[in-house]
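Protein chains: 2
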Amino acid sequence: MSWILTADAIDGLARGAAVLGTGGGGDPYIGALLARRAVDTHGPVTVIGLDELPDDALVLTVAMMGAPTVMVEKLPSLDEVVAPVRALGASLGRAVTHVACAEIGGVNSTIPVAAAAALGLPLLDADGMGRAFPELQMVLPTLYDVTASPLAFGDEKGNVGVLNTVDNHWTERIARVACVEMGCSIMISGFPMDGNIARVALVDGSLSHCVAIGAGLVEARAEKTDPVARVVEIIRGREFFAGKVVDVERATTTGFARGRATIDGTDGSLTLSFQNEHLMAESDGEVLVTTPDLIIVLDHESGEPITTEGLRYGQRVRVVAAPSDPRWHAPEALAMVGPGYFGYETASRRFDGTREPVL
Amino acid sequence: MSWILTADAIDGLARGAAVLGTGGGGDPYIGALLARRAVDTHGPVTVIGLDELPDDALVLTVAMMGAPTVMVEKLPSLDEVVAPVRALGASLGRAVTHVACAEIGGVNSTIPVAAAAALGLPLLDADGMGRAFPELQMVLPTLYDVTASPLAFGDEKGNVGVLNTVDNHWTERIARVACVEMGCSIMISGFPMDGNIARVALVDGSLSHCVAIGAGLVEARAEKTDPVARVVEIIRGREFFAGKVVDVERATTTGFARGRATIDGTDGSLTLSFQNEHLMAESDGEVLVTTPDLIIVLDHESGEPITTEGLRYGQRVRVVAAPSDPRWHAPEALAMVGPGYFGYETASRRFDGTREPVL
Chain A
1 MSWILTADAI
11 DGLARGAAVL
21 GTGGGGDPYI
31 GALLARRAVD
41 THGPVTVIGL
51 DELPDDALVL
61 TVAMMGAPTV
71 MVEKLPSLDE
81 VVAPVRALGA
91 SLGRAVTHVA
101 CAEIGGVNST
111 IPVAAAAALG
121 LPLLDADGMG
131 RAFPELQMVL
141 PTLYDVTASP
151 LAFGDEKGNV
161 GVLNTVDNHW
171 TERIARVACV
181 EMGCSIMISG
191 FPMDGNIARV
201 ALVDGSLSHC
211 VAIGAGLVEA
221 RAEKTDPVAR
231 VVEIIRGREF
241 FAGKVVDVER
251 ATTTGFARGR
261 ATIDGTDGSL
271 TLSFQNEHLM
281 AESDGEVLVT
291 TPDLIIVLDH
301 ESGEPITTEG
311 LRYGQRVRVV
321 AAPSDPRWHA
331 PEALAMVGPG
341 YFGYETASRR
351 FDGTREPVL
Chain B
1 MSWILTADAI
11 DGLARGAAVL
21 GTGGGGDPYI
31 GALLARRAVD
41 THGPVTVIGL
51 DELPDDALVL
61 TVAMMGAPTV
71 MVEKLPSLDE
81 VVAPVRALGA
91 SLGRAVTHVA
101 CAEIGGVNST
111 IPVAAAAALG
121 LPLLDADGMG
131 RAFPELQMVL
141 PTLYDVTASP
151 LAFGDEKGNV
161 GVLNTVDNHW
171 TERIARVACV
181 EMGCSIMISG
191 FPMDGNIARV
201 ALVDGSLSHC
211 VAIGAGLVEA
221 RAEKTDPVAR
231 VVEIIRGREF
241 FAGKVVDVER
251 ATTTGFARGR
261 ATIDGTDGSL
271 TLSFQNEHLM
281 AESDGEVLVT
291 TPDLIIVLDH
301 ESGEPITTEG
311 LRYGQRVRVV
321 AAPSDPRWHA
331 PEALAMVGPG
341 YFGYETASRR
351 FDGTREPVL
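Going down the list, the sequences are from chains A and B.
So that you can map any letter, position 177 of the first sequence is 177 in the UniProt record's numbering, and since no number is skipped, the others follow by simple counting.
So that you can map any letter, position 269 of the second sequence is 269 in the UniProt record's numbering, and since no number is skipped, the others follow by simple counting.
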């Protein structure tokens, strides 16, 4: 089923994407600003379901790569957003037919809207993760042997590069050092896929899901009901901690925003470890939830999602867990995005939606 | 005038290039090995003079980029040498007609021979510097508004990238970080030029000059005359110091081999500062010769050129200065390759071939 994404719907999409982005993907309002400007200039974007994608489509993902701490200060121009897509299409020698989101997260669910508008192409109601992850090879298409490369990248100065690498780790390594050198924030386009692959490899319906989450949040506030409870219901998650942010350690190193946050609640304290995204939640030495499941920090009252770079001392927050796309729990997927990959010495603690709250 | 470069001539070319390479450009024998293998497999290379280059030729330079300290341990394959040329040709959408040397230096005067042989293309009797310099934008074509970009790069694993940058400094910056990440040594192809530009922008006759230097060195030894004196005569230089290497400080940082060497002679000591190439010679606080003029270290007896990474405690050496291509002394050229650019706080000390030896 296809639908039209107008400028009015972009804030809701951004808000929902920031919820599923588990703290990563950059400031949703930065991406929403750009997407609204693109839609105002070039007209609304047609969003199409995976079931409507033709076999011979050429799908490219569009994303911003870098440290969200830098992204918030470097709003890309539309020229910058479309340059890597054009460079990659030229390198492939084929017309790009559809744009897709690599991940669901603040910036990276709205930047592709801007790209689709500026390029006059339809956007898929889908993404590569169903959440956000910090490294570019961490998408479900990797499990279907889709490679990130050829991948194009570009910066606000007009520098553009196209990489053809032997595997996704090399794409990540080379693009990451280029990203750091180019100012810690670049636009990328990659993961070229034919329609028949994209239909199975992507997470279906992500954009509609984001719009529903964003709408639910706003409606609950309008109805004076608890917006956090509404979000939890829509994402089939569970609130497992509430408290006040009492400490945030954060460093922007090797192109990532890494750190940890401590939240004090009535019955103890919770530590969140993040690398762009929240990756592990612990309390009193017990690991409660880990990547790949979703750890989401929401404002206590408004239910607004808080990104890892937006965490501040004194914020009153509620922490929600939700299950990831089940494919992320396959052994080969856990090797790519499980806690061990990020250097946390724990097994993956799978979120169980049927269980009582952990605390 | 065109001539045929056979396998037998490659050692002489490499030796002469190592002389003019002022200590940089990597170990000449590594490049010579590869060039001989390519000529054995694919046949000899036709070397053509700039006067024979047609206006509509498409010339690309081929070079190895990285720290010579690493290059000596990573002999590239022929596949690795030709991959960036093919990638750049494909990106330009035009057939490459001629290969050129970006610089004169051990590896980088023989690697293009290997590329020309493997690609079945003629090689120009010319190069972009008339010596070696450590950064890729440091070529005379830069003074003629030829840009390094589009530039292709590749490694031994099979990773390839093509950069389109806004200026040569950005090509250098992005390629350099990619180079470091890819193992401190990569193959590059860039500076695409039409024939009419290449004819004026390159240094004419460099390869013939190298072959003559290499032949002179070997002949002098056979005739039991002084090979250093023969080299000095051929390059119109002057020997200005002789002594024993008593100290070498060397570090491979940010993709370069940086350091300094101290040579004790009968009347004092000489300090050579290098960054891949020798860039400044000082004695007792007096600057004697600086970049862009050539500072060349030769073995005391054999006259064999010694690269910066080949400098060892106890070597008995003779140090020769020679004038660079005069275009390097233009103010805009000195801004690019003068001592100030490399962080040495001295004005360029121009070598004067008519002067008495400085010491």
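We treat Cβ as the ideally placed atom computed from N, Cα and C, and that holds for glycine.
For clarity, every value in this text was computed on a predicted model and none was experimentally measured.
For B:Gly303, no beta strand (DSSP E) segment is defined, and its DSSP state is neither H nor E.
At a beta-carbon threshold of 9 Å, the residues of chain A lying near B:Thr165 are Lys157, Gly158, Asn159, Val160 and Gly161, ordered along the chain. Scanning its chain for C-beta atoms nearer than 7 Å, with the 5 sequence neighbours on each side dropped, one finds no residue around B:Thr225.
Residue contact check for A:Arg86 against chain B: no CB pair falls below 7 Å. Checking the DSSP bridge columns, you'll see B:Phe133 has no partner listed. For the beta strand (DSSP E) assignment, the uninterrupted runs of no fewer than 3 residues enclosed by the stretch 242–330 of chain B are, from N- to C-terminal side, 256–265, 268–275, 277–283, 286–290, 294–299 and 316–322. The continuous stretches of beta strand (DSSP E) do not include B:Ala95, and DSSP gives it neither H nor E. One thing to note: A:Leu202 has its Cβ within 7 Å of the Cβ of A:Gly128. Per DSSP, reduced to three states, the secondary structure at A:Asp11 is helical. Counting the other Cβ atoms within 10 Å of the Cβ of B:Pro292 gives 16 or more, which makes it buried. Short of 6 Å from the beta carbon of A:Ser283, and not among the five residues preceding or following it, lie these beta carbons of its own chain, in chain order: Gly268 and Leu270. One Cα belongs to A:Pro76, the other to B:Gly154, and the distance between them is close to 29 Å. Taking 7 Å as the CB threshold, A:Glu181 lines the interface with chain B. Contact between the stretch 226–246 of chain B and the stretch 209–217 of chain B is established, with three or more Cβ pairs separated by less than 8 Å. The contact set of A:Val320 on chain B, defined by CB atoms closer than 8 Å, is empty, because the minimum CB distance reaches about 37 Å. B:Asp56 counts as exposed, since fewer than 16 other C-beta atoms from the protein chains shown sit within 10 angstroms of its C-beta.
Around the Cβ of B:Gly285, a 10 Å sphere holds fewer than 16 other Cβ atoms; the residue is exposed. Between B:Glu239 and B:Val245, the gap from beta carbon to beta carbon reaches 7 Å or more. At a cut-off of 7 Å, the C-beta of B:Trp328 has no neighbouring C-beta in chain A. The C-beta distance from A:Ala17 to A:Gly120 rounds to 23 Å, too long to meet the 8 Å contact threshold. By the neighbour-count definition (other C-beta atoms within 10 Å, threshold 16), A:Asp8 is an exposed residue.
Contact between A:Leu50 and A:Pro192 is absent: CB atoms are separated by about 17 Å, not below the 8 Å threshold. A:Ala178 belongs to the set of residues whose beta carbon lies under 7 Å from a beta carbon in chain B.
No Cβ of chain B is located within less than 7 Å of the beta carbon of A:Ile188. Sorting A:Leu88, A:Thr253 and A:Ile186 by C-alpha distance to the C-alpha of A:Glu156 places A:Ile186 at the top.
The beta-bridge partner set that DSSP reports for B:Ser185 consists of B:Gly66. The stretch 288–302 of chain A makes contact with the stretch 315–333 of chain A: 3 or more CB pairs, one atom from each, lie closer than 8 Å. Distance from the CA of B:His209 to the CA of A:Ala132, rounded to the nearest whole angstrom, comes to 59 Å.
Distance from the Cα of B:Ala117 is smallest, within the candidate group B:Gly265, B:His329 and B:Ala100, for B:Ala100. According to DSSP, A:Trp3 shares a beta bridge with A:Val47. Contact between the stretch 249–268 of chain B and the stretch 168–187 of chain B is present: 3 or more CB-CB pairs across the two stretches fall below 8 Å. A:Ala115 and A:Val81 have their C-alpha atoms spaced approximately 6 Å apart. Within chain A, Glu181 have C-beta atoms less than 7 Å from the C-beta of B:Arg173, given in sequence order.
In the DSSP assignment, B:Val211 falls within the alpha helix (DSSP H) that extends over Ser206 to Ala222. The beta-bridge partner set that DSSP reports for A:Glu239 consists of A:Val320.
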